[in-house]
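**Student:**
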Amino acid sequence: MLGIGGGEMVLIIGVILMLFGSDKVPEMARGLARVINQVKSASNELKSEITKSVDETGVIKDIKEAVNVEDIKKRIGIDDIKKSVNLDMDQYNPLNDVQQEIDKAKEDIETMTGPIKRQN
Numbered sequence: 000m001l002g003i004g005g006g007e008m009v010l011i012i013g014v015i016l017m018l019f020g021s022d023k024v025p026e027m028a029r030g031l032a033r034v035i036n037q038v039k040s041a042s043n044e045l046k047s048e049i050t051k052s053v054d055e056t057g058v059i060k061d062i063k064e065a066v067n068v069e070d071i072k073k074r075i076g077i078d079d080i081k082k083s084v085n086l087d088m089d090q091y092n093p094l095n096d097v098q099q100e101i102d103k104a105k106e107d108i109e110t111m112t113g114p115i116k117r118q119n
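Residue 14 in numbering that gives the first Met the number 0 sits at position 15 of the sequence shown, with consecutive numbering throughout.
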């Protein structure tokens, strides 16, 4: 927590107890908890007000209308890019290369063993 170790935390608690006494510490903790809750509720209210304001003005709807994804895809030519990438991927597919090498090795083995098989 904030780079504070166990020993440092004990020292801080000891200093607080010495300065304020053991009877004041619970009161201070309750007061701190109240302040934290007030800050949380204020930030939640602010967040909801902003969200409500954005929803009422229709800014998100305007942005979605202005940014037409399908139109952007057409302008970029994403479908053409996908097609060319798929064609290139088929051409440079390493599995195709491996299969070709296997087929070639089979042919070589059959060529070498062909005369041997005929002799038996």
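All C-beta atoms in this analysis are idealised placements derived from N, C-alpha and C, irrespective of residue type, glycine included.
Going straight from the alpha carbon of V34 to that of V53, what length do you get?
**Tutor:** The alpha-carbon atoms of V34 and V53 are separated by roughly 29 Å.
**Student:** Along the alpha helix (DSSP H) that carries D70, what are the first and last residues, could you check?
**Tutor:** Its alpha helix (DSSP H) spans residues V68 to I75.
**Student:** How is I101 classed by DSSP in three states: helix, strand or coil?
**Tutor:** DSSP places I101 in helix when its eight states are reduced to three.
**Student:** Give the straight-line distance between the Cα atoms of L31 and G6, rounded to the nearest whole angstrom.
**Tutor:** Cα-Cα distance, rounded: 23 Å.
**Student:** I65 to I71, Cα distance in whole Å?
**Tutor:** Note that residue 65 is Ala in the sequence shown here, rather than Ile. When rounded, the distance between both Cα atoms is 11 Å.
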